[in-house]
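Oh and the sequence shown: position 106 is 106 in my numbering, straight run, nothing missing.
Virtual Cβ for every residue (Gly too), placed ideally from N, Cα, C.
Nothing here was measured: the structure is a model prediction, and the numbers come from that model.
This report refers to the structure that appears directly beneath it.
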Amino acid sequence: MTILQRIIRNDTIKSDPPEIYNFRVVLISLSACGASMLFGFDMGVIGGVLTMNSFKEQYGLIGKEDTVLANLESNIVSVIQAGSFLGALVSTYVANAIGRRLSLILSALILFVGVAMQAGASGIIGALYAGRFIGGVSIGIASSVCPIYIAENAPRGIRGLLTGFYQLTLVFGLTLAFWINYGCERHLTGKEQFIIPLSLQAFPAVILLVGMLLANESPRYLAMKWPERAPRVLATLRGLPEDHPYMIEELNNLRLQLEEESQHSGSSMWSLLKESFSKKSYRRRSILCITLMMWSNMAGTNAMTYYSPTIFASVGLSSSSVGLFATGIYGIVKFIACGIFIVFVSDTLGRRKSLLWTGIVQEIPPARLRALNMGMATASQWFFNFVVAKSTPTMFATLGKNGYGTYFVYGSFCFVMVIYTWFFVPETKGLSLEFMDELFERDTVRGKFMQMRDLQLSSSCRFVSNSGICFRDLQDVNVEGPIFVLSCGHTDGVSDFRSLDNLKWVKAAKQHEVPKVIVALNKMDVVNYAESRYIEVLKDCSNCIRRDYRPPEVPFVPVNCTYGTNLINPSPDTPWYKGWYRRNQDRSELTGRTLVDAIDVLEW
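Take a look at the structure:
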């Protein structure tokens, strides 16, 4: 925990029990990331193999015209994306039918078949295509299920780090393949020069297979299929007893979300697909998943990776071994840069700011639709990956000398991605997966341009909430005018008081002269860490509200709106809370403990 606190600087990791950030969840994530090594190793191997003279001789590629050669090379590279597209489409059904863990085991077994066909093709281009297509089906399933599996196992404070392992191990597999190509080209001759790199694509599948045989199923999947098994698995994963307050809260949040989602529709594939686009917040999340994967591919990074030996040859490194050596250096630089970003930036800077350069979608969908959304997102990834792999050789051959126009094309996509991310992608740092619903219900692109006059705070409003929380237990409370309620509990993070649009609501209250403000600190009733958290949030909120609004008095009340805690009756779970305090202009003093107390004593 100490190491993580030093590396990752966010408020969530400080407030959570340290036991949940243990090596078990890290090892499970790394084992699952054998799935990303499947893809990374293939990306690194195939580009180098295409430049080897022994491969060209075996498959009759020597002496071909540039455009014909470019077409053949693009076919060899892109056929695996076609298989991956199919694998991603069926991954939703597979992940929901047999589970996340067994889906990853299945993908490893399928890859063994594809690798055997590639290595044994013996110059038959059709057999090579078939082997790469089958391997692509495996990679499509694995690349869709792996991020889901990691995200559903990870504690929220390091979810960005653990899901980032997917990209890190992908780049590690890529770099390893680069150097294997270089070694085989330098020290081997004949068919072994390319057969060995192609055969070693099975190495990541072995890691994935062994790791998943020893790992647990996702607790969220268990909660959907076998609820009685979820508490035991989650307790082992978090390193806490099942009766720990954190465990009780996480399980309750998970069950409430699943119960709410199950009320909307059935569980057939068609009903899930319909549900993904029928509700506004679900539709927004589905579209985000698809488009973010599109942008991440159209940025062109995979094009540079697939054809890096060809690119280095175009700038003067014409020797095959020199080009492969330069490619290996490129892989090392990419691996180091990726590692620095994932470890030091992803959970500190946040997802939205990070997405100005990259794309992470596994934490956006709700649990019920996560497999389907990730399947659609991964299918989008592989479709546009196919477009990139197929079109890049032709662009290099036709867009100017050495294909310089290719870089302008991909650079333009990067620029558009920055604009898209700024206006359409909300921040998710520090939020648990169960609280994504709340975020996507209220954070929209319109909100970034919303004028204060659009917010109608009429005198008939009893409670104005920034988070859509429902004060069910207070419906009969007599309120003579509008009371402004801000919610910023431990699921938001202290710094997220601003990032989740609370400032917009504070300014709206000021604009409409809302006379009183009550700050309800939602979900602050967990004994083990709530007091220090309460002090942090109170200080941050007080400074923000008083600077931007300056109302006469601001009672701060810790509550739990889901269970009605501290709304009407004092909560036994907040013994550290001494109550709110107000000093009137006539120097009289008023105090109370509950939200109703605060409402009763405010003078209108």
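Counting C-beta atoms within 10 angstroms of its own C-beta, L27 has fewer than 16 neighbours from the protein chains shown and is therefore classed as exposed. In this model, L237 and A230 are separated by some 10 Å (Cα to Cα). Distance from the CA of P570 to the CA of W580, rounded to the nearest whole angstrom, comes to 12 Å.
Sixteen is the threshold: since fewer than 16 other Cβ atoms of the shown chains lie within 10 Å of the Cβ of F23, the residue is exposed. Per the C-alpha coordinates, the member of L251, A205, N181 and G48 positioned closest to L109 is A205.
Our two residues, Q118 and V68, have alpha carbons roughly 22 Å apart in a direct line.
Cβ neighbours of L50 within its own chain (closer than 6 Å, five residues either side excluded): E73. The beta-carbon distance between M298 and F172, rounded to whole angstroms, is 24 Å. This is too long to meet the 8 Å contact definition. Of the residues assessed, R284 falls on the buried side of the cut-off, its CB having 16 or more other CB atoms within 10 angstroms. In this structure, DSSP gives V557 an extended state, which the three-state scheme calls strand. The DSSP assignment places no complete run of the beta strand (DSSP E) inside the region 393-429 (cut-off: 3 residues).
In this structure, the beta-carbon distance from G40 to L174 falls below 8 Å.
S29 places its beta carbon 8 Å or farther from that of N216.
The residues C146, Y149 and I150, in chain order, have a CB closer than 6 Å to that of A32 in the same chain once the five nearest residues on each side in sequence are set aside. Cβ contact annotation for L399 (same chain, cutoff 6 Å, sequence separation greater than five): G405 and T406, in chain order. Non-local C-beta neighbours of G87 in its own chain, meaning closer than 7 Å and more than five positions away in sequence, comprise G136, V137, S138, I139, G140 and I141, ordered along the chain. In this structure, the straight-line span from the alpha carbon of V388 to that of P366 is close to 30 Å. Here L590 carries a strand assignment [DSSP, helix/strand/coil].
Classified as exposed, E65 has fewer than 16 neighbouring CB atoms from the shown chains inside 10 Å of its CB.
Boundaries of the alpha helix (DSSP H) harbouring S199: E192 to S199, taken from the DSSP string. Counting along the chain, S281 sits inside the alpha helix (DSSP H) bounded by residues K280 to M298.
About 29 Å separates the Cβ atoms of G411 and S144, ruling out a contact at the 8 Å cut-off. In the displayed model, W576 falls within coil according to three-state DSSP, outside both helix and strand.
Going by DSSP, C184 is part of the alpha helix (DSSP H) stretching over R159 to H187. Counting other Cβ atoms within 10 Å of its Cβ, E249 reaches 16 or more and is therefore classed as buried.
Y221 sits in a helix when the DSSP states are folded into three classes. I207 is a Cβ neighbour of G34, given a cutoff of 8 Å. G135 sits in a helix when the DSSP states are folded into three classes. Between Q193 and G123 a beta carbon distance of about 14 Å is seen, past the 8 Å cut, so the two are scored as non-contacting. Rounded to whole angstroms, the Cβ separation of G328 and F178 is 4 Å, and the two are in contact under 8 Å.
Within the same chain, Cβ atoms closer than 6 Å to the Cβ of A377 are found at C289, I290, M293 and V361, the five residues on either side in sequence being excluded. Collapsing the DSSP output to three states places L61 in coil. Note on geometry: alpha-carbon atoms of N302 and A82 lie some 15 Å from one another.
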